[in-house]
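Participant: Below you will find the structure I want to go over with you.
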Amino acid sequence: MLELNFLREHREEAEQRLAKRNIDAKALLDRCRELDDLRRATQTELDGRQSELNTLSRSVGELMKAGKKDEAEAAKARSAEMKNGIAHFKEQLDATEKALQEFLVTIPNAPNAKVPAGKTPEDNVVVMQEGAIPELGPQAKPHWELGEEYGFLHMDLGVKLTGAGFPVYSGQGARLQRALISFFLDKATEAGYLEIIPPHLVNADSAFATGQLPDKEGQMYHAAVDDLYLIPTAEVPITNLYRDEILDADRLPIKNVGYTPCFRREAGSYGAHVRGLNRVHQFDKVEIVRVEKPENSYAALEGMVDHVKGLLRALELPYRQLLLCGGDMGFASAMTYDMEVFSAAQQRWLEVSSISNFETFQSNRLKLRYRGDDKKPRLAHTLNGSALALARIVAALLENNQGPEGIRIPKALQPYTGFALITK
RNA sequence: GGAGAGGUGGCAGAGUGGUCGAAUGCGGCGGUCUUGAAAACCGCUUUACCUACGGGUAACGGGGGUUCGAAUCCCUCCCUCUCCGCCA
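If you're matching positions, the first sequence starts at 1 in my numbering and goes up one per residue.
In structure tokens:
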């Protein structure tokens with residue numbers, strides 16, 4: 001949720017930045033202004049009347065004490081009259097605040113000045129690309145065939161247990177998952193991130209604060225009996241660790257990392273492009289989360305990108321970095337880099353990481369603040385990124401490294417897998 | 001799941017109808033003293049919103065009610081803790 005003060009006081013900037021989302025920013029801001037003006041006027045009126053009533057009520061007590069019963073009764077009568085007016089303005093204030101709040105949560109984050117204009121993924125900017133794309137030849141198999149052939153990935157068993165998009169791994173496949181998770185966690189820890197193991201279910205407050213609710217309701221699995229949501233990413237519980245906190249400045253930056261399974265309904269997405277591990281309902285992910293002072297947040301974003309690049313290099317995967325255009329960015333983000341790896345048998349780029357700076361968009365909902373040099377609470381900036389998401393990394397690893405003797409495991413991973421080759 | 005207790009400021013903990021946004025202690029910040037530090041002493045120390053920038057309004061788990069007036073009384077929801085049961 002954007003800050004009301006920002007929309008008011010930096011109207012021009014807000015309008016320009018929001019326009020990158022290809023939305024009618026002017027109309028949105030006009031509506032905001034209108035509601036906010038009404039809210040302020042109402043509050044001013046209400047406060048004045050409330051103040052009068054408070055004075056009167058106090059006088060009732062004093063008159064009673066002084067034994068002036070008649071005067072006290074008169075004051076009571078007068079205050080009873082005032083209450084109607086107060087109730088009216090109170091109602092109006094509540095309604096206006098509610099309307100304003102409901103309106104504000106529908107406005108997406110304002111893209112940063114560096115975000116390119118554009119409407120579709122076609123308009124995303126390739127920032128850099130690195131790593132040789134393997135030449136596999138026509139006999140190359142997509143990962144779902146490899147998984148079946150080698151016997152470590154069982155999409156069909158997942159269907160039996162749960163439904164489509166819930167993969168079952170076994171043997172070397174299972175071990176590879178665990179190896180990747182450990183490898184990513186170790187790398188993040190080396191880079192100064194604090195490991196967190198959070199709950200995998202969250203309440204509605206948490207889901208709201210990071211922006212999953214109310215708009216992306218259909219994305220999450222909901223355990224209705226207890227009204228809890230299965231997390232779509234560790235970002236949700238880990239960022240919410242700091243909900244309703246005012247941190248001392250010396251606690252920043254906060255650098256957390258967490259591994260969790262991630263659950264996504266992905267309603268309606270079926271077909272060839274989502275085969276195998278390309279898009280699943282449950283996958284494993286190691287997520288890095290940072291809380292930063294505003295002046296440091298963009299440097300932090302670049303630092304997170306560098307961290308992820310290091311992981312991809314270590315895994316010897318060809319990858320590229322995209323700067324998302326205004327039309328392709330997530331609702332809550334001010335600037336997002338996507339990292340994609342090339343999966344050589346499918347001949348396509350797969351998104352394996354999305355690294356975003358949310359500026360104050362999440363912290364405003366979270367009420368996550370820190371005390372600046374002037375000791376006044378200010379909203380912190382939050383960031384997060386996948387480092388990394390497993391299922392697609394596995395897909396690319398399998399496809400790119402297939403050979404006649406088996407599937408090669410990158411050197412950096414071998415201490416974790418305990419084998420150098422996946423064999424039949 | 002059953003029975004009971006309780007939710008107040010960073011923490012601990014008072015307050016059961018009227019200057020209570022809230023005693024006191026601890027912690028934190030500033031100062032006096034000191035070569036320095038400690039101790040001692042003094043002062044300050046929640047947040048949000050509105051503002052004619054003088055101030056004002058709101059918040060004691062959430063919501064509703066009673067009352068001229070609610071942290072205090074009533075209703076309701078949520079949460080936490082203790083004991084019992086079940087259990088990795």
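We put the CB at the ideal spot given by N, CA and C, even for glycine.
1) List in chain order: all unbroken beta strand (DSSP E) runs of 3+ residues lying wholly within the segment 110-140.
2) Answer with buried or exposed for Ile238, where buried requires no fewer than 16 other C-beta atoms within 10 angstroms of its C-beta.
3) According to DSSP, is Gln402 helix, strand or coil?
4) By alpha-carbon positions, which one of Arg275, Gly276, Leu7 and Phe283 ends up nearest to Pro232?
5) Examine the ligand GDP and report whether any of its heavy atoms sits within less than 7 angstroms of the Cβ of Asp30.
6) What residue from Thr260, Leu379 and Ile107 has the CA that sits closest to Pro294's CA?
7) Could you give the C-beta distance for Val286 and Val257, rounded to a whole number, given that I count them as a contact under 8 angstroms?
8) Please determine, among Ser386, Leu413 and Leu322, the residue with the shortest C-alpha to C-alpha distance to Pro261.
9) With three or more C-beta pairs closer than 8 angstroms as the rule, is the segment 330-343 touching the segment 96-111?
10) Given a cut-off of 8 angstroms, decide if Ala224 and Leu230 are closer than it, judged by their beta-carbon atoms.
11) Since I believe Ala209 is in contact with Tyr370 (beta carbons under 8 angstroms), could you give me their beta-carbon distance rounded to a whole number of angstroms?
12) Any idea if Val126 is buried or exposed, counting beta-carbon neighbours within 10 angstroms, 16 or more meaning buried?
13) Three Cβ pairs or more, each shorter than 8 angstroms: is that satisfied between the segment 403-421 and the segment 176-186?
14) Return the chain-ordered ranges of every alpha helix (DSSP H) run that is complete within the segment 177-201 and spans a minimum of 4 residues.
15) Identify, in the order they occur along the chain, each residue of the same chain with its Cβ nearer than 6 angstroms to the Cβ of Glu316, setting aside the five sequence neighbours on each side.
16) Quick check: the segment 388-401 against the segment 332-346, are there 3 or more CB pairs under 8 angstroms?
17) Ala395 and Leu322 - do their beta-carbons sit closer together than 8 angstroms?
18) How far does the alpha helix (DSSP H) with Lys285 in it reach, from first residue to last?
19) Quick check: the segment 185-195 against the segment 169-176, are there 3 or more CB pairs under 8 angstroms?
20) With distances taken between CB atoms, is the gap from Gln92 to Thr42 smaller than 8 angstroms?
21) Over the uninterrupted alpha helix (DSSP H) stretch that includes Thr239, give me the two end residues.
22) One question on the structure: do Leu4 and Leu161 come within less than 8 angstroms of each other, judged by their Cβ atoms?
23) What distance in whole Å lies between the Cβ atoms of Glu235 and Val289, which are believed to be in contact at a cut-off of 8 angstroms?
24) Could you check the C-alpha separation between Asp37 and Thr55 for me, to the nearest Å?
25) Quick one: what's got a C-beta closer than 6 angstroms to Pro121's C-beta in the same chain, skipping five residues either side?
26) On the three-state DSSP scale, how would you describe Leu388?
27) Measuring alpha carbon to alpha carbon, tell me which residue in Arg313, Asp123, Ala391 and Ser354 is nearest Cys325.
28) Would you list the residues sitting across from Val341 in a DSSP beta bridge?
29) Residues in the same chain with beta-carbon distance under 6 angstroms from Met64, minus the five sequence neighbours each way, listed in chain order, please.
30) Determine whether the beta carbon atoms of Gln140 and Pro318 lie at a separation below 8 angstroms.
31) With DSSP as the reference, label Pro377 as helix, strand or coil.
32) In chain order, what residues of the same chain lie with their CB nearer than 6 angstroms to the CB of Gly147, ignoring the 5 residues before and after it?
33) What first and last residue would you give for the beta strand (DSSP E) that runs through Asp248?
34) Is it the case that the Cβ atoms of Thr382 and Ser354 are separated by a distance below 8 angstroms?
35) Thinking just about the alpha-carbon of each residue, which of Glu405, Ala391, Phe166 and Ala334 is nearest to the one in Ala117?
36) For Gly165, count the other beta carbons within 10 Å of its own beta carbon; 16 or more makes it buried, fewer makes it exposed. Which is it?
Facilitator: In terms of the structure at hand:
1) 125-130
2) By 1-based counting over the first sequence, the position of residue 238 is 238. By the 10 Å Cβ count, Ile238 comes out buried.
3) Position 402 of the first sequence, counted from the start, is the residue given in the question as residue 402. DSSP places Gln402 in strand when its eight states are reduced to three.
4) Residue 232 sits at position 232 when you count from the first residue of the first sequence. Cα-wise, what sits closest to Pro232 is Phe283.
5) Ligands are entirely absent from the displayed structure, and the ligand GDP is therefore not among its contents.
6) Here residue 294 refers to the residue found at position 294 when the first sequence is read from its first residue. It is Leu379 whose Cα lies nearest to the Cα of Pro294.
7) In the first sequence, the residue the question calls residue 286 occupies position 286. In the first sequence, the residue the question calls residue 257 occupies position 257. The pair is a contact, with the Cβ atoms about 6 angstroms apart (cut-off 8 angstroms).
8) Position 261 of the first sequence holds residue 261. Closest option to Pro261, Cα to Cα, is Ser386.
9) yes
10) Reading the first sequence from its first residue, position 230 is the one you call residue 230. Reading the first sequence from its first residue, position 224 is the one you call residue 224. Result no, Cβ atoms of Leu230 and Ala224 do not sit closer than 8 angstroms.
11) Taking the first residue of the first sequence as position 1, residue 370 is located at position 370. Taking the first residue of the first sequence as position 1, residue 209 is located at position 209. Not a contact, Cβ separation roughly 16 angstroms.
12) Residue mapping note: residue 126 aligns to position 126 of the first sequence, counting from 1. When all chains shown are included, Val126 counts as exposed.
13) yes
14) none
15) In the first sequence, residue 316 corresponds to position 316, counting from 1. Answer for Glu316: Pro410, listed in chain order.
16) yes
17) Within the first sequence, residue 322 is the residue found at index 322, counting from 1. Within the first sequence, residue 395 is the residue found at index 395, counting from 1. In this structure, Ala395 does not lie closer than 8 angstroms to Leu322 by Cβ.
18) Taking the first residue of the first sequence as position 1, residue 285 is located at position 285. Lys285 -> not in any alpha helix (DSSP H); beta strand (DSSP E) instead, spanning Gln282 to Glu292.
19) no
20) What you label residue 92 is simply residue 92 of the first sequence in a count that begins at 1. What you label residue 42 is simply residue 42 of the first sequence in a count that begins at 1. For Gln92 and Thr42, yes; Cβs fall inside 8 angstroms.
21) Here residue 239 refers to the residue found at position 239 when the first sequence is read from its first residue. Glu235 to Asn240 is the span of the alpha helix (DSSP H), which, as asked, contains Thr239.
22) Here residue 4 is taken as the residue at index 4 of the first sequence, counted from 1. Here residue 161 is taken as the residue at index 161 of the first sequence, counted from 1. No, these two residues do not count as a Cβ contact at 8 angstroms.
23) Along the first sequence, one-based indexing puts residue 289 at 289. Along the first sequence, one-based indexing puts residue 235 at 235. Contact holds; Cβ gap of about 6 angstroms.
24) What you label residue 37 is simply residue 37 of the first sequence in a count that begins at 1. What you label residue 55 is simply residue 55 of the first sequence in a count that begins at 1. If I take the Cα positions, the gap works out to 27 angstroms.
25) The residue labelled residue 121 in the question sits at position 121 within the first sequence. The answer, listed in chain order, is Asp328.
26) The residue given as residue 388 occupies position 388 in the first sequence. Strand, per DSSP.
27) To locate residue 325, count along the first sequence from 1; it is residue 325. If we check each option's Cα against that of Cys325, Asp123 comes out closest.
28) Locating residue 341 in the first sequence gives position 341, counting from the first residue. Paired residue(s): Tyr319 and Leu350.
29) Start at 1 with the first residue of the first sequence, and residue 64 comes out as number 64. Once the five neighbours on either side are set aside, the close Cβ partners of Met64 are Ala72.
30) On the first sequence, residue 140 is found 140 positions in, with the first residue counted as 1. On the first sequence, residue 318 is found 318 positions in, with the first residue counted as 1. The sequence shown places Ala at residue 140, not Gln. No, they are not a contact pair.
31) Indexing the first sequence from 1 puts residue 377 at position 377. It is a strand residue.
32) To locate residue 147, count along the first sequence from 1; it is residue 147. The answer, listed in chain order, is Leu153.
33) To locate residue 248, count along the first sequence from 1; it is residue 248. First-last of the beta strand (DSSP E) with Asp248: Ile246 to Asp248.
34) If you number the first sequence from 1, residue 382 lands on position 382. If you number the first sequence from 1, residue 354 lands on position 354. Not in contact: Thr382 and Ser354 (Cβ atoms no closer than 8 angstroms).
35) Position 117 of the first sequence holds residue 117. Considering only alpha carbons, the answer is Ala334.
36) Within the first sequence, residue 165 is the residue found at index 165, counting from 1. Under this definition Gly165 is a buried residue.
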